[in-house]
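Asks:
Number of protein chains: 6
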Amino acid sequence: MSRPRILVINPNSNHEVTQGLEDALKPLDFASGPEVIFQTLADGPFGIESQADIESVAMPLRRLIEGDNSSAAFVIACYSDPGLQVCREGTDRPVFGIAECGVLTALARAETFGVIAIAQRSIPRHMRYLRQMGLTERLAGERPLNMSVAETASGEGTLASHRRPLEDALGIPVIDPTQAAVTMALGTVQFSRH
Amino acid sequence: MSRPRILVINPNSNHEVTQGLEDALKPLDFASGPEVIFQTLADGPFGIESQADIESVAMPLRRLIEGDNSSAAFVIACYSDPGLQVCREGTDRPVFGIAECGVLTALARAETFGVIAIAQRSIPRHMRYLRQMGLTERLAGERPLNMSVAETASGEGTLASHRRPLEDALGIPVIDPTQAAVTMALGTVQFSRH
Amino acid sequence: MSRPRILVINPNSNHEVTQGLEDALKPLDFASGPEVIFQTLADGPFGIESQADIESVAMPLRRLIEGDNSSAAFVIACYSDPGLQVCREGTDRPVFGIAECGVLTALARAETFGVIAIAQRSIPRHMRYLRQMGLTERLAGERPLNMSVAETASGEGTLASHRRPLEDALGIPVIDPTQAAVTMALGTVQFSRH
Amino acid sequence: MSRPRILVINPNSNHEVTQGLEDALKPLDFASGPEVIFQTLADGPFGIESQADIESVAMPLRRLIEGDNSSAAFVIACYSDPGLQVCREGTDRPVFGIAECGVLTALARAETFGVIAIAQRSIPRHMRYLRQMGLTERLAGERPLNMSVAETASGEGTLASHRRPLEDALGIPVIDPTQAAVTMALGTVQFSRH
Amino acid sequence: MSRPRILVINPNSNHEVTQGLEDALKPLDFASGPEVIFQTLADGPFGIESQADIESVAMPLRRLIEGDNSSAAFVIACYSDPGLQVCREGTDRPVFGIAECGVLTALARAETFGVIAIAQRSIPRHMRYLRQMGLTERLAGERPLNMSVAETASGEGTLASHRRPLEDALGIPVIDPTQAAVTMALGTVQFSRH
Amino acid sequence: MSRPRILVINPNSNHEVTQGLEDALKPLDFASGPEVIFQTLADGPFGIESQADIESVAMPLRRLIEGDNSSAAFVIACYSDPGLQVCREGTDRPVFGIAECGVLTALARAETFGVIAIAQRSIPRHMRYLRQMGLTERLAGERPLNMSVAETASGEGTLASHRRPLEDALGIPVIDPTQAAVTMALGTVQFSRH
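Protein chains in written order, with my numbering: chain A, -5 to 188; chain B, -5 to 188; chain C, -5 to 188; chain D, -5 to 188; chain E, -5 to 188; chain F, -5 to 188.
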């Protein structure tokens, strides 16, 4: 029997980001578990930094997912969860958003959670989304890095490469949202076939 | 290198329940991933059905966890999350409660969630806990089976054996809380060593 | 001095709906006030009934608004407020969503409010949006007509033609969301130039 | 056919404030729309600055409204919305409070809103009222001018004369509550007769 | 040393209600504790059943309290807590509202609380007040008796005479709001002088 | 007829704390009212400063209450309300927690409330508990003394001895939680027998 697939979609067209995601998710690629596949959204912007960037990838993500017959679950790997609702509408297979999964996973680890945003301008959008999810009550706050998406992907990999050093330095759990989402996807896929 | 361990603790002393948990979690036992180990709390009640049952296992769970040097993460496998806070206070290693993880995982799958309780009398307690977690806003409701914990464990296994048939019959995601928690534990453990 | 313009955009391509909107808004077309103009989104679907319909018009609405140099304010006349955030990002001129304005106006008239949805399937989406706006606390409930958008536009006009008879029959205020939004737009435009 | 009337009531007895309101609302006085009429509450205090001031005008406002047969809608033009509920109880015609309408209109313009209070001592009262309206979730904060009501009315007019300069200086929407309320009243009256 | 006084004010002018309150509060009249005194608001309506009734007693209550030099604390004995804020503004001595104290005391006894209203029409007003107090989260519901205030006071005394039989019949705590408020007043007065 | 008893339990084993409680509650010991009795939990820790301390006294408190046939009501006199739910499950007699009663009583006195914690580390626990009680909406904040429980009990008595000086210095009500709880217990007991 072939391994079921989890498709992790990078909605921006920066392959360096996709490569960073692939590196960050290796620990979940178990030989006897689902295969974790990565795909760059060809017609995505180079970085998703505005509401227009978000909206511009929603329908392309929907089409990608509807045209995919081989994946058992999908992860949209951008902290704005672009197209999440429209993708869910288009398939019976589970679709995970990394912002949603990141926050939910943080809530399983501590009393309150904070968010590191890439840019200041995204914070009101994130706050709106937290309200939409009904998950504001344990929010401690959000702080920006004031970097571009491309900057965060350069150097030695994605943000995920900073997770463990940060966790060690701070002494509190640090959640990488994509790792959180692929973990949930893995559990969902694995239990749906056993 | 030896595999890190996730210790799933059944806080009641009913070995049939522990066996059911073990059956339910097999799909997450990857050769190259953490080892999932199960333990019955020897001095737990036969079923945790009252607040007294919950309180009576809190400190035994804490002692079990403090005395364990070999596990990388813990899962308390009872939907009342007994002793969760006191266990977290006693260790730097992550401790997951299945109620918390079950609800959080449900929130990653659908707009609203419902809960199947074993007994009616537990529902006010669960509502209080949802308020404590700040997670009431997307609750659709909770309904009781009006069974004993022992009854739910008899027959062909734990509740988890009903998950997939229920999901197929209802056409909506059905989350098994222990599966949700061990999934989160697996991700946490796996990413903390890579 | 020429009159400033309020552009009311019907995001679906059903001209009968646009005509109904035009009829419904006549009372706000004061000779000495802003001109209320109506436009059908040429590449919109015939009715906006799904999340895909919503997403598919977001960027076209943004482009329409960015390409418009003659309007002082915009109203997106669809109860899902498609593209509202992305349109606001694209212009300094005010953009009103009829769902947002409808609910806010209802809150100025009564202790609680209810919503008449066209279809049952839209209700979870509306609930999500109410949470996003932080406006759930005084919601009494929502009930569906179980009609298509096209059906609601046929006959003697849009839904707005039923507003006064409903209000008379029920003895409580009945708000037409587009009337609410254009009212707010009119005030905004009128006070910004005096 | 005579024009319907919107009666804007200044609940304090300071005619300078009433005059300022009249100036501020001129842009909504359309020849083919409702007539906007202004009235000073003769037995109101010179400024409404305390809870006692608020309570003292509630019943006089009710009597004024009950004794008025010629207005189609009423606006109570004081940011404490004195007597709003009791006035609504006394008439089937719509009664608008400027605090309620101001906040609701702000919510149609931005992600969060702030409030400029005249005096520090009013802020706890305003917070209590925001809770009552269920509208606290998007509040950014409130700051006092630490002036008397009379001081705010002196000089070149009411606060409303500062709205546009403030808006230009800050680059964000600035809402004048009375303008917001009369706008809503205008829409309500206009649509109720067409 | 003379005993400090707690003044319980019946804001309606029905002496039968005041007498019922006096009967209901006897158990708190300890020889070595504060004296509990009762007063009927002479110019109150015969029953407080509308918003107008509530507003009409606010300033009379304020004047009564400001003119009273002999009481250490006040209780406003009407479930609408008329004039509570304005009375608090007028004195440094504590003023208790029976609705507020009734709900708060109920929250010390059970997971959720319900309210028995005298009339259906009061329920929206009570809901508004619960929101204002920030105390809706544990509300189970409210049901009306559909009686007049006068009817509830006739027969063998006030509602308080039904408290114990109801409690026995229902097997859950039943709180009389005036008893709750005078209890809190007694503690406050007693601790302020020792 | 003998006086009914209110049993105030100090869950820590520090007799100095119990003595301080006894001093603080003297004003409620009315000859014709319930007798207020104090008991030190023999097997409690010297101070309750951690979650483990809290959990360790829950079942001992339950057993103490179940084994007590002579008290009409119980007060658990520790600001973490240890064992409150499990004690309530074990008896039909009312059980009061001082944190719950303290916050509820504060809400009857002012618009917002603050909390003085003994130690910083307790604050997240208190926040969690406030969420559980649904009582966060009017919280102004919490500040720690950074003392041990033993330190707060040394000198001239418990914290309660500072209540009046603090109240005088601050000009706002200062609530002692144990006084608040025993007051509520007194009212409950007194009205249940009359």
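Note that the Cβ used here is the ideal one computed from N, Cα and C, for glycine as well.
Got a sec: is the Cβ-Cβ distance from residue 102/B to anything in chain A below 8 angstroms?
Replies: Residue 102/B sits at position 108 when you count from the first residue of the second sequence. Residue 102/B counts as touching chain A.
Asks: When DSSP labels each residue in this structure, what does residue 112/B get in the three-state scheme?
Replies: Here residue 112/B is taken as the residue at index 118 of the second sequence, counted from 1. Residue state, collapsed to three classes: coil.
Asks: With respect to the beta strand (DSSP E) encompassing residue 147/A, which residues constitute its N-terminal and C-terminal limits?
Replies: Taking the first sequence and counting its residues from 1, the one referred to as residue 147/A is at position 153. Careful: residue 147/A lies outside any beta strand (DSSP E), inside the alpha helix (DSSP H) at 143 to 147.
Asks: Contact defined as beta carbons within less than 8 angstroms: I believe residue 91/C pairs with residue 70/C. What is the distance between those atoms, to the nearest angstrom?
Replies: Taking the first residue of the third sequence as 1, we reach residue 91/C at position 97. Taking the first residue of the third sequence as 1, we reach residue 70/C at position 76. The pair is a contact, with the Cβ atoms about 5 angstroms apart (cut-off 8 angstroms).
Asks: How do the stretch 12 to 32 of chain C and the stretch 56 to 66 of chain B stand: do at least 3 beta-carbon pairs fall below 8 angstroms, yes or no?
Replies: With a cut-off of 8 angstroms, the stretch 56 to 66 of chain B and the stretch 12 to 32 of chain C do not count as touching, because too few Cβ pairs lie within range.
Asks: Let's see if you can read the secondary structure: which residues bound the alpha helix (DSSP H) around residue 185/B?
Replies: If you number the second sequence from 1, residue 185/B lands on position 191. Per DSSP, residue 185/B belongs to the alpha helix (DSSP H) from 171 to 186.
Asks: Please look up how many angstroms separate the CB atoms of residue 28/E and residue 184/E, rounded, as I've assumed it's under 8 angstroms.
Replies: Within the fifth sequence, numbered from 1, the residue matching residue 28/E stands at position 34. Within the fifth sequence, numbered from 1, the residue matching residue 184/E stands at position 190. 7 angstroms between Cβ atoms; contact.
Asks: In terms of DSSP beta bridges, what is residue 32/E paired with?
Replies: For the purposes of this step, residue 32/E is identified with residue 38 of the fifth sequence, where counting begins at 1. DSSP, once it has assigned bridges, lists 2/E as partnering residue 32/E.
Asks: In terms of DSSP beta bridges, what is residue 67/A paired with?
Replies: Along the first sequence, one-based indexing puts residue 67/A at 73. According to DSSP, residue pairing for residue 67/A in a beta bridge involves 0/A.
Asks: Give a yes or no on whether the minimum CB-CB distance between residue 122/A and chain D is below 8 angstroms.
Replies: Counted from its first residue, the first sequence places residue 122/A at position 128. Yes, residue 122/A counts as interfacial toward chain D.
Asks: Taking DSSP's pairing of strands, which residues face residue 138/B in a bridge?
Replies: As a working mapping, residue 138/B is identified with position 144 in the second sequence. BP columns for residue 138/B point to 111/B.
Asks: Rounded to whole angstroms, what's the CA-CA distance from residue 177/A to residue 22/A? Just pull it up for me.
Replies: Stepping through the first sequence from its first residue, residue 177/A is reached at position 183. Stepping through the first sequence from its first residue, residue 22/A is reached at position 28. So the alpha carbons of these two residues sit roughly 7 angstroms apart.
Asks: Could you pull out every residue in the same chain whose Cβ sits closer than 8 angstroms to the Cβ of residue 108/C, ignoring the five residues on either side in sequence?
Replies: Within the third sequence, residue 108/C is the residue found at index 114, counting from 1. Excluding residues within five positions, the ones whose Cβ falls inside 8 angstroms are 133, 134, 135, 136 and 137.
Asks: Kindly list, in the order they appear in chain E, the residues whose Cβ is closer than 9 angstroms to that of residue 125/B.
Replies: One-based indexing of the second sequence puts residue 125/B at position 131. What residue 125/B touches in chain E: 131 and 132.
Asks: Using Cβ-Cβ distances below 9 angstroms, what residues of the stretch 1 to 32 of chain B are close to chain E?
Replies: none
Asks: Pick helix, strand or coil for residue 150/E, following the three-state DSSP scheme.
Replies: As a first step, residue 150/E is located in the fifth sequence; it is residue number 156 there, counting from the start. Low confidence applies here, because residue 150/E scores a pLDDT of 49, under 50, leaving its location unreliable; read the following figure in that light. Correct three-state label for residue 150/E: coil.
Asks: What's the call for residue 77/E, buried or exposed, on a 16-neighbour Cβ count within 10 Å?
Replies: The residue given as residue 77/E occupies position 83 in the fifth sequence. By the 10 Å Cβ count, residue 77/E comes out buried.
Asks: Helix, strand or coil for residue 133/D per DSSP?
Replies: Numbered from 1 along the fourth sequence, position 139 holds the residue referred to as residue 133/D. Note: residue 133/D maps to strand in three-state DSSP.
Asks: Assign residue 42/D to one of two classes, buried (16 or more other C-beta atoms within 10 Å of its C-beta) or exposed (fewer than that).
Replies: Looking up residue 42/D in the fourth sequence gives position 48. Residue 42/D should be labelled buried.
Asks: Apart from the five residues just before and just after residue -2/E, which ones in its own chain have a Cβ nearer than 6 angstroms to its Cβ?
Replies: As a working mapping, residue -2/E is identified with position 4 in the fifth sequence. Around residue -2/E: 28, 66 and 183.
Asks: Once DSSP output is grouped into helix, strand and coil, what is the label at residue 84/A?
Replies: Numbered from 1 along the first sequence, position 90 holds the residue referred to as residue 84/A. Residue 84/A: coil per DSSP, three-state reduction.
Asks: Which residues, in order along the stretch 39 to 70 of chain E, keep a beta-carbon less than 8 angstroms from a beta-carbon of chain D?
Replies: 44, 45, 46, 48, 49, 50, 52, 53 and 56
Asks: Identify the contact partners of residue 118/B in chain E, using a Cβ-Cβ distance below 7 angstroms as the criterion.
Replies: The residue you call residue 118/B lines up with position 124 of the second sequence. Per Cβ cutoff of 7 angstroms: 105.
Asks: Is it right to say residue 84/C is buried, meaning 16 or more other beta carbons lie within 10 angstroms of its own, or is it exposed?
Replies: On the third sequence, position 90 is the one that residue 84/C refers to. With 16 or more other Cβ atoms within 10 Å, it is buried.
Asks: What did DSSP end up calling residue 11/D once you bin it into helix, strand or coil?
Replies: Position 17 of the fourth sequence, counted from the start, is the residue given in the question as residue 11/D. Helix.
Asks: What residues from chain A crowd round residue 72/B, counting only those whose CB sits closer than 7 angstroms?
Replies: Looking up residue 72/B in the second sequence gives position 78. Result: empty, since nearest Cβ-Cβ is about 16 angstroms, beyond 7 angstroms.
Asks: List the whole-angstrom C-beta distance separating residue 95/B from residue 175/B, where the pair is believed to meet the contact cut-off of C-beta under 8 angstroms.
Replies: Against the second sequence, residue 95/B aligns to sequence position 101. Against the second sequence, residue 175/B aligns to sequence position 181. With 8 angstroms as the limit, residue 95/B and residue 175/B qualify as a contact, their Cβ atoms being about 4 angstroms apart.
Asks: Do residue 26/E and residue 39/E count as a contact pair if the criterion is CB distance below 8 angstroms?
Replies: What you label residue 39/E is simply residue 45 of the fifth sequence in a count that begins at 1. What you label residue 26/E is simply residue 32 of the fifth sequence in a count that begins at 1. Contact flag unset, no.
Asks: Could you compute how far the alpha carbon of residue 187/A sits from the alpha carbon of residue 88/D?
Replies: Here residue 187/A is taken as the residue at index 193 of the first sequence, counted from 1. Here residue 88/D is taken as the residue at index 94 of the fourth sequence, counted from 1. The straight-line gap from Cα to Cα measures roughly 60 angstroms.
Asks: Considering only the alpha carbon of each residue, which of 126/D, 119/D, 164/D and 160/D lies closest to residue 101/C?
Replies: In the third sequence, counting from the first residue as 1, residue 101/C sits at position 107. Comparing alpha carbon positions, the residue from 126/D, 119/D, 164/D and 160/D closest to residue 101/C is 126/D.
Asks: Taking 8 angstroms as the limit between beta carbons, can you name the residues of its chain near residue 129/D, skipping five residues before and five after?
Replies: On the fourth sequence, residue 129/D is found 135 positions in, with the first residue counted as 1. These residues qualify, in order along the chain: 97, 98 and 101.
Asks: Of all Cβ atoms in chain E, is any one closer than 8 angstroms to the Cβ of residue 145/D?
Replies: The residue labelled residue 145/D in the question sits at position 151 within the fourth sequence. Cβ-Cβ to chain E under 8 angstroms: no for residue 145/D.
Asks: Could you check which residue in 93/E, 118/E, -4/E and 104/E has the C-alpha nearest to that of residue 104/C?
Replies: Against the third sequence, residue 104/C aligns to sequence position 110. The option with the nearest alpha carbon to residue 104/C is 118/E.
Asks: Measuring straight from C-alpha to C-alpha, what distance separates residue 44/A and residue 68/C?
Replies: The residue given as residue 44/A occupies position 50 in the first sequence. The residue given as residue 68/C occupies position 74 in the third sequence. If I take the Cα positions, the gap works out to 20 angstroms.
Asks: Pick from 64/D, 164/D, 114/D and 4/D: whose alpha carbon is nearest that of residue -4/D?
Replies: Numbered from 1 along the fourth sequence, position 2 holds the residue referred to as residue -4/D. Among 64/D, 164/D, 114/D and 4/D, the Cα nearest to that of residue -4/D is on 64/D.
Asks: At a Cβ threshold of 8 angstroms, is residue 164/C touching chain D?
Replies: Translated into positions along the third sequence, residue 164/C becomes position 170. False, the Cβ-Cβ gap to chain D never drops below 8 angstroms.
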